[in-house]
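Trainee: Here you go, one structure.
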DNA sequence: CGGTCCATTGATCTGCCTCAATTAACGTGG
DNA sequence: CCACGTTAATTGAGGCAGATCAATGGACCG
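Chains as they are written, first to last, in full-length UniProt numbering: chain A, 1 to 261; chain B, 1 to 261.
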């Protein structure tokens, strides 16, 4: 990873000081693990000792049902944590699989805890990532009951916005290194039906997808078809609040931080 | 509320000191609001000033879709927070409606923040509630793609276990003050189909439901039919960890706390 | 005692699933 | 660099779970 995408992601929430950035970069560079495509990063039931942070590649949260089918409940991209709260909930209630070759920083939870205690704006930024994950999940619940066309379109919008926030979208185009089977598991429909739905989306001119590269010629049009509104992703949520960050810092007992307006 | 159900809920996670209990009880008693059935507790887009904690009654998180249909994404019962993190994310990305007459404590977020800072085990317990909410949401994503029979059975199991953890289940029986339309919105199926599904569940002897009172004669049987495993609800998660709570307290810089084994 | 909301049931329709097969892409060793 | 095996994408045909439309009975309430 040329540049630290966690830094970039967190800055999507609010300003970080130079120190914050340095500390994050040092921490995430310390201990990096590599995972092969289709290998498990964390198994269901496992009790991880460290916090995994995706630095490169795509991963997914999933559960395997009793009938052997798998349901993907979230896609993880660079800057996403696998299990931020190992100290509160030890055991995984789902698995995490690398969909592509992945690199992940292995963070010591104690160190991260210490760090967050000293840097309230970092604490808030970490909180923010958790709450956004939850908001995305709520949207997936909604999506799961909508018609396939809308649901798939919505997923494309979500991925576009999330990847854009970490700088992985160029001219409305981004890498989507997922198989149709994986997309199907994430939308809760069959591979066959997903394929037909993609065809519909292509034929309606909303997306261009070939060789795992997705191009959205007109994002507004796709968003309209999908009923997508990125408000729930809370990009720039913290920036809008610059004014009261000092108050918040005081409130949670943290050190002060110069905040650009 | 005869006894404070938040206390009871949090004790489902781990031990609270006498002080913790007192502080919570005082705080939740201070400022209580009442909501009529079918009234909005928090509207989508609203920026709440206070943290709402359900003390009595049932509420639901929901989103209204562009076609006017509503999707319920969570049921809130006594002890549940509506929006614990008003300081991190100001604006609601969904609405919260009282399904029955409700009472809710209105907590000052600043005070709660202060309190949590002084009481690390309370902080951890609050974290726990957030993480369990997320785990439930993941399960709802899975549920939304399963057949109606299984999905409804699973919901019944979830509600049974959650209500049991706050002492609202007696002899396998509890009040379920929801209309079939509301249950349908929560499972993502039609009212008509939900009705038929309930009929199926009744006829297979797994549930007895009449006059908004649900009786589960054989929970294990229902759980088996639903593919339900309550591990994800993390009841007694903290208790199992009693041994290392001191370590954790030290880790997050908190005061020490006597822990029963 | 009529109005309103809720539960229940029937009949019909359809989006998506299942089963099945063909074609395209990809990787790997000869 | 091509042949071949494997995995991924695509298309067809038929079936079913659940949606839609419609109507009736029951419960609660002012």
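Even for Gly, the Cβ is constructed at its ideal location relative to N, Cα and C. Here the structure is a predicted model, which means the values were calculated and not measured.
In this structure, does DSSP put residue 22/A in helix, strand or coil?
Mentor: Reduced to three states, the DSSP call for residue 22/A is helix.
Trainee: When you compare only the Cα positions, how much space is there between residue 80/B and residue 94/B?
Mentor: In a straight line, the C-alpha of residue 80/B is about 16 Å away from that of residue 94/B.
Trainee: Mind listing the chain B neighbours of residue 86/A? Cutoff is C-beta to C-beta under 7 Å, in chain order.
Mentor: Going along chain B, no residue has its Cβ under 7 Å from residue 86/A, so there is no contact; the nearest lies around 11 Å.
Trainee: Measure from the C-beta of residue 93/A to each C-beta in chain B and report whether the shortest distance is under 8 Å.
Mentor: So, interface residue.
Trainee: Report yes or no: is there a C-beta of chain B within less than 8 Å of the C-beta of residue 251/A?
Mentor: Here the model assigns residue 251/A a pLDDT of 28, short of 50, so the residue's position is not dependable, and the following value carries that caveat. Yes, residue 251/A lies at the interface with chain B (some Cβ there is under 8 Å from its Cβ).
Trainee: Just verifying my parser: in three-state terms, what is the DSSP assignment at residue 73/B?
Mentor: It is a strand residue.
Trainee: State the Cα-Cα distance for the pair residue 216/B and residue 187/B, rounded to the nearest angstrom.
Mentor: Cα to Cα, the separation comes out at about 19 Å.
Trainee: Quick one: what does DSSP say residue 233/A is sitting in, helix, strand or coil?
Mentor: Helix.
Trainee: Work out the CA separation of residue 208/B and residue 214/B for me, nearest whole Å.
Mentor: Rounded to whole angstroms, residue 214/B to residue 208/B spans 6 Å at the Cα level.
Trainee: Using only CA atoms, which one of 167/B, 37/B, 150/B and 179/B lies nearest to residue 204/B?
Mentor: With distances taken between Cα atoms, residue 204/B lies closest to 150/B.
Trainee: Taking the alpha helix (DSSP H) that residue 61/B falls in, what are its first and last residues?
Mentor: No alpha helix (DSSP H) holds residue 61/B; the beta strand (DSSP E) holding it covers 59-64.
Trainee: What residue does the alpha helix (DSSP H) around residue 203/A start on, and which one ends it?
Mentor: 191-203 is the extent of the alpha helix (DSSP H) around residue 203/A.
Trainee: Compute the Euclidean distance between the alpha carbons of residue 42/A and residue 63/A, then round it to the nearest angstrom.
Mentor: Their Cα atoms are separated by approximately 12 Å.
Trainee: Going by DSSP in three states, residue 113/A sits in which element: helix, strand or coil?
Mentor: Three-state DSSP puts residue 113/A in a helix.
Trainee: Taking the continuous alpha helix (DSSP H) assigned at residue 92/B, which residues delimit it?
Mentor: Note, residue 92/B: premise wrong, no alpha helix (DSSP H); not H, not E.
Trainee: Assuming residue 153/A contacts residue 225/A under a Cβ cut-off of 8 Å, what Cβ separation, rounded to an integer in Å, is found between them?
Mentor: Indeed, because the Cβ distance is near 5 Å, the residues count as touching under 8 Å.
Trainee: Can you find the residues in the same chain that come closer than 6 Å, C-beta to C-beta, to residue 47/B, ignoring five residues on each side of it along the sequence?
Mentor: So the list reads 90 and 91, once near-sequence residues are dropped.
Trainee: Roughly how many angstroms lie between the CA atoms of residue 12/A and residue 104/A, to the nearest whole one?
Mentor: So the two alpha carbons sit approximately 20 Å from each other.
Trainee: So, is residue 193/A buried or exposed, given that buried needs 16 or more other C-beta atoms within 10 angstroms?
Mentor: Exposed, by the Cβ-count rule.
Trainee: Residues of chain A with CB closer than 7 Å to the CB of residue 145/B, please, in chain order.
Mentor: The answer, in chain order, is 71, 144 and 188.
Trainee: Kindly list, in the order they appear in chain A, the residues whose Cβ is closer than 8 Å to that of residue 65/B.
Mentor: Residues of chain A passing the Cβ test: 142, 146 and 227.
Trainee: Let me know the beta strand (DSSP E) ranges lying completely inside the stretch 26-51 of chain B, each 3 residues or longer, listed in chain order.
Mentor: Listed in chain order, the complete beta strand (DSSP E) runs (minimum 3 residues) inside the stretch 26-51 of chain B are 32-35 and 40-42.
Trainee: Kindly say whether residue 138/A, judged by its beta-carbon, lies nearer than 8 Å to any beta-carbon of chain B.
Mentor: So yes, residue 138/A belongs to the interface.
Trainee: Note down, in chain order, all residues in the stretch 13-37 of chain A with a beta-carbon under 8 Å from any beta-carbon belonging to chain B.
Mentor: The stretch 13-37 of chain A vs chain B, Cβ under 8 Å: nothing.
Trainee: Taking buried to mean at least 16 other C-beta atoms within 10 Å of its own C-beta, is residue 22/B buried or exposed?
Mentor: Under this definition residue 22/B is an exposed residue.
Trainee: Can we say the stretch 118-133 of chain B touches the stretch 164-171 of chain A, given the rule of at least three CB pairs closer than 8 Å?
Mentor: As far as the Cβ criterion goes, the stretch 118-133 of chain B does not touch the stretch 164-171 of chain A, which means the pair count is below three.
Trainee: Is there a Cβ from chain B that is less than 8 Å from the Cβ of residue 134/A?
Mentor: Yes, because at least one Cβ of chain B sits closer than 8 Å to the Cβ of residue 134/A.
Trainee: If you run the structure through DSSP and keep just helix, strand and coil, what is residue 108/A?
Mentor: Residue 108/A falls in the strand class under three-state DSSP.
Trainee: At least one CB of chain A closer than 8 Å to the CB of residue 58/B: is that the case?
Mentor: Output row for residue 58/B: interface = no.
Trainee: Only counting the same chain, and skipping five residues up and downstream in sequence, which positions put a Cβ closer than 8 Å to that of residue 28/A?
Mentor: Excluding positions up to five away in sequence, the list reads 4, 6, 53, 55, 105 and 107.
Trainee: Please determine, among 73/B, 218/B and 24/B, the residue with the shortest C-alpha to C-alpha distance to residue 184/B.
Mentor: Of the candidates 73/B, 218/B and 24/B, the one whose C-alpha sits nearest the C-alpha of residue 184/B is 73/B.
Trainee: State the DSSP-derived secondary structure class of residue 102/A, mapped to helix, strand or coil.
Mentor: Note: residue 102/A maps to strand in three-state DSSP.
Trainee: Give, in chain order, every residue of the stretch 99-120 of chain B whose Cβ lies closer than 7 Å to some Cβ of chain A.
Mentor: Per Cβ criterion, the list reads 110, 113 and 117.
Trainee: Any C-beta of chain A sitting closer than 8 Å to the C-beta of residue 130/B?
Mentor: Yes, because at least one Cβ of chain A sits closer than 8 Å to the Cβ of residue 130/B.
Trainee: Put residue 210/B into one of helix, strand or coil per three-state DSSP.
Mentor: Strand at residue 210/B.
Trainee: How far does the beta strand (DSSP E) with residue 174/A in it extend, from its first residue to its last?
Mentor: It spans 173-175 - the beta strand (DSSP E) in which residue 174/A sits, taken as one unbroken run.
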